[in-house]
Amino acid sequence: MQFDPLISIRLDLADREYQSGDILECEYQIDAVESDEMHSVEAAVLWYTSGKGDEDQGIHYYQRETRKSRHLDQPDLRVLTHFTTTLPNSPYSYEGTNLKIQWCVRVRILVQRDGQTLREYIHDQGFQLQRVPLLQS
Amino acid sequence: MSRQLIRILGKKRGSRHSVSSKFGVIGNVAFSLTLLLLGLISGVFFLLNLPSGAASWLLGIVILSFIGFGIQGLVTGLLGSRVGDGLRFSLTQNAHRFDLTQKSKAARRLPNVPIIDTLLMSPGSTQPWRLPVTTGKPIEIISVIAFFATWTIVSLFLVGYSINQYRTTNHSGWSWWLPMLSLLPSIGFAVWSGRMLARELKNQLNIDPLKVEVSHQPIYPGQTIDVAISQGGALYVRSLRLFLVCEEVTSYHQGTDVRTETLEILREQVFVQRRFEITSKLPLAETFTVTIPPDAMHSFQSNFNCLQWRIVSVGRYRDYAEIRRGFSLVVHPPFGDADDLNSSRGDSHAV
Amino acid sequence: MDRNQVSVRASVNPFATRWTKPGQMTFLPNGFTSLSELAAQIVKDTPRCEILGEHGVGKSSLLRALQSRLDQQSISNHLAYACGEFPHDGPSLKFATVKLLLRESDVLFVDGFEQLSWWTRRRIIRYSEKYAHSLIITCHQSQGLPCLVHLTATETLVLKLVHSLQQAQQADEVVSVSDVRELYQRFGNNVRELLFTCYDLYEQRTATGQKTSLQ
Chain A
0 MQFDPLISIR
10 LDLADREYQS
20 GDILECEYQI
30 DAVESDEMHS
40 VEAAVLWYTS
50 GKGDEDQGIH
60 YYQRETRKSR
70 HLDQPDLRVL
80 THFTTTLPNS
90 PYSYEGTNLK
100 IQWCVRVRIL
110 VQRDGQTLRE
120 YIHDQGFQLQ
130 RVPLLQS
Chain B
0 MSRQLIRILG
10 KKRGSRHSVS
20 SKFGVIGNVA
30 FSLTLLLLGL
40 ISGVFFLLNL
50 PSGAASWLLG
60 IVILSFIGFG
70 IQGLVTGLLG
80 SRVGDGLRFS
90 LTQNAHRFDL
100 TQKSKAARRL
110 PNVPIIDTLL
120 MSPGSTQPWR
130 LPVTTGKPIE
140 IISVIAFFAT
150 WTIVSLFLVG
160 YSINQYRTTN
170 HSGWSWWLPM
180 LSLLPSIGFA
190 VWSGRMLARE
200 LKNQLNIDPL
210 KVEVSHQPIY
220 PGQTIDVAIS
230 QGGALYVRSL
240 RLFLVCEEVT
250 SYHQGTDVRT
260 ETLEILREQV
270 FVQRRFEITS
280 KLPLAETFTV
290 TIPPDAMHSF
300 QSNFNCLQWR
310 IVSVGRYRDY
320 AEIRRGFSLV
330 VHPPFGDADD
340 LNSSRGDSHA
350 V
Chain C
0 MDRNQVSVRA
10 SVNPFATRWT
20 KPGQMTFLPN
30 GFTSLSELAA
40 QIVKDTPRCE
50 ILGEHGVGKS
60 SLLRALQSRL
70 DQQSISNHLA
80 YACGEFPHDG
90 PSLKFATVKL
100 LLRESDVLFV
110 DGFEQLSWWT
120 RRRIIRYSEK
130 YAHSLIITCH
140 QSQGLPCLVH
150 LTATETLVLK
160 LVHSLQQAQQ
170 ADEVVSVSDV
180 RELYQRFGNN
190 VRELLFTCYD
200 LYEQRTATGQ
210 KTSLQ
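Protein chains in written order, with numbering that gives the first Met the number 0: chain A, 0 to 136; chain B, 0 to 350; chain C, 0 to 214.
Shown next as structure tokens:
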């Protein structure tokens, strides 16, 4: 029996409201998968909309690593990886009625296990960027 | 001193004109209407006596162009005369401020926040910035014109055909009485749509558009701005109300299922005035303040979702239908190195 | 500077578009025929056929479920979207692309077939008939192909759907069984409209914390 890969994401200050211009520090690592099964890892800081309309998405930060692009000393894509980014001025997190804007760190991995096709696994860790509640009219 | 509506030789004296500013609008509309009617009547005769050969193609193209230019002139005359003037003025006055670098810099600084386009922003006469109108009734006006044109041409064609048939065939045949029977309803439709068009013309010519000017652009949550409204014309106003409105606009496109929903999440009345008269000597001119709530979300725009702020006016007039207009505002998120237009206010120019 | 400890899990409406868009929801069989039988029929007969149904009734979800079944049986197949994976993203599917896909795969699924131009649709159908390729399309109105299945939304199915959506997001059962019954009476087969109304209801009730009645 095979477990799905486990993606762990840790923000420097989880469950907090970030401000524009703050430096977001993030670490992630992958478990329950063999090193040679890992094809690539992508990490992104992005916002997305949800609600009644089609989803929009904006990527603020993105990095991708494959086995080839990793340093020869440390080819393992699963190890704890750290990155930082300065958060932008907009858009703010927003909890409306038909429209919500949510920020998150997203890690996406592509894994190829014995004889199988490439499969992707995604995990998000949400955070707030100057969260704005719904206006009361 | 009031100006004559029509004068054979209008003169420009400095920035003043010796004829009323309505002359241009009326003239434009009259010319376009004449073109349209000439095209329609010629079209009917053309269809009844279809010539052969290349001349028929040429004649057909000429008639279609009369109709096309007539409709186009009517639509732009009814909708766009003042917007067109403002836009043209803004383009000439602001051309020197056009700077691509500034625009892209603003987009990077505030992703997904609408940028205030200095090229298209009109300066106001009493406040620094005049807000563009975001709503009108272009589809309705085009529909009215199209409906009127269609039924006029159908009626004229039926009249011509019926007369033709009555003259050439014996009266026992059925070929003439069927079009005769259709005459009444088609003329009825043409007259009804003509009255609708006349009402639109009357609305557009007699009711000057409401102008809204603001002291600051962009605006920030918690900020209080001055708003000046002005309106000319000759009419009795039952009520004029202005609202600060915030809306979530969401679009859903999945195959053939396409829908857009607008949800108002804030509506606050900011101005109301009832039972007053607007005349050429006493136009409406009022100033009041508007405060954006301190916990307001900034304007947001993405491909399928947006959050927009507007000032919406609802005017009820004696002898005219209710008129609603929207004027867009841009609310920016506050941040330390704000470099907004307020720090580089242009000169106020009368439009 | 004070850092407030706020929950990062913003309120999740289980009826938001991201959970209910075509192909996103797990296909729920309606008791017409089982998924296995449909997949077996496709493999055996290599048909050219259509899956009919109203908006939101599960056509895209059924395609994905069938595709997954064929993958398990190692039968080559391809799922193409008439206007790109997200209808607003990509250009319309071209006939040349469809020809290539038909040749390369044993079975070609085309979602949203009606969105293609009349001429492209006719060419695709004629090509697949001429060269006996297997083509399965989804549409609201019949395109003249034999009907594989006509999906309809029964009350039971809709109840299961609403329950599974709320459960999937670990949301409270805000939209109740009686609400769904009332909505089904109103909207019938138009599941899309029903889900949008569930969205509104969920928002209203979680915002006010009260049970509001359907309007």
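We treat Cβ as the ideally placed atom computed from N, Cα and C, and that holds for glycine. Owing to the predicted nature of the structure, the values given are computational and were not obtained by experimental measurement.
Annotated three-state conformation of residue 161/C is helix, per DSSP. Straight across, the Cα-Cα distance linking residue 30/A with residue 6/A is about 6 Å.
Taking a beta-carbon distance threshold of 8 Å, residue 51/A counts as an interface residue toward chain C. Residue 56/C and residue 139/C have their C-alpha atoms some 10 Å from each other. For residue 191/C, the residues of chain B that pass the 7 Å Cβ criterion are 256, in the order they occur in the chain. Taking all protein chains shown into account, residue 129/C has fewer than 16 neighbouring C-beta atoms within 10 Å of its C-beta and is therefore exposed. DSSP, reduced to helix, strand and coil, places residue 316/B within a strand of the structure shown. Between the C-alpha atoms of residue 62/B and residue 161/B there is a straight-line separation of about 22 Å.
Between the C-alpha atoms of residue 102/A and residue 50/A there is a straight-line separation of about 14 Å.
With a cutoff of 8 Å on beta-carbon distance, residue 231/B and residue 186/B are scored as not near each other. Following the DSSP letters along the chain, one finds residue 82/C in no alpha helix (DSSP H), marked with neither H nor E. Between the stretch 235-249 of chain B and the stretch 261-276 of chain B, the count of C-beta pairs closer than 8 Å reaches three or more; the two stretches touch. Its Cα nearest to that of residue 156/B, the residue 44/B stands out among 228/B, 44/B and 148/B. When DSSP states are grouped into helix, strand and coil, residue 14/C belongs to the coil group. Among the bridge pairs identified by DSSP, residue 129/A is matched with none. Around the beta-carbon of residue 67/A, fewer than 16 other beta-carbon atoms lie within 10 Å, marking it exposed. The CB of residue 17/C comes closer than 7 Å to the CB of 49 and 54 in chain A, given here in chain order.
In summary, residue 95/C is exposed, with fewer than 16 beta-carbon neighbours lying within 10 Å of its beta-carbon over all protein chains present. Exclusion of the five residues before and after residue 251/B leaves 258 as the residues of its chain whose Cβ lies within less than 6 Å of its Cβ. The beta strand (DSSP E) runs of length 3 or more contained entirely in the stretch 69-115 of chain A are, from start to end of the chain, 80-85 and 98-110. At least one beta carbon of chain B lies nearer than 8 Å to the beta carbon of residue 54/C.
In the structure shown, residue 44/C adopts helical secondary structure according to DSSP, grouped into three states. With distances taken between CA atoms, residue 174/C lies nearest to 161/C out of 168/C, 161/C and 184/C. Beta-bridge annotation (DSSP): residue 128/B is paired with 122/B and 213/B. Close to residue 195/C, with beta-carbon spacing below 9 Å, are these residues of chain A in chain order: 51.
When CB distances to chain B are screened at a threshold of 7 Å, the residues of the stretch 69-89 of chain A falling below it are 87, 88 and 89, in chain order. Nearest to residue 290/B by alpha-carbon distance, out of 49/B, 183/B and 215/B, is 215/B.
In the structure shown, residue 198/C adopts helical secondary structure according to DSSP, grouped into three states. By a beta-carbon distance limit of 8 Å, residue 40/A does not contact residue 24/A. Their separation comes to about 18 Å.
The beta carbons of residue 189/B and residue 286/B sit no closer together than 8 Å. Secondary structure of residue 192/B (DSSP, three-state): helix. Counting only the Cα atoms, residue 179/C lies some 15 Å from residue 166/C. Within the stretch 90-122 of chain C, contact with chain A at the beta-carbon level (separation under 8 Å) is assigned to no residue.
The contact set of residue 262/B on chain A, defined by CB atoms closer than 7 Å, consists of 96 and 97 in chain order. By the rule that beta-carbons nearer than 8 Å mark a contact, residue 108/B touches chain A. Short of 8 Å from the beta carbon of residue 112/B, and not among the five residues preceding or following it, lie these beta carbons of its own chain, in chain order: 297, 298, 299, 300, 329, 331 and 332.
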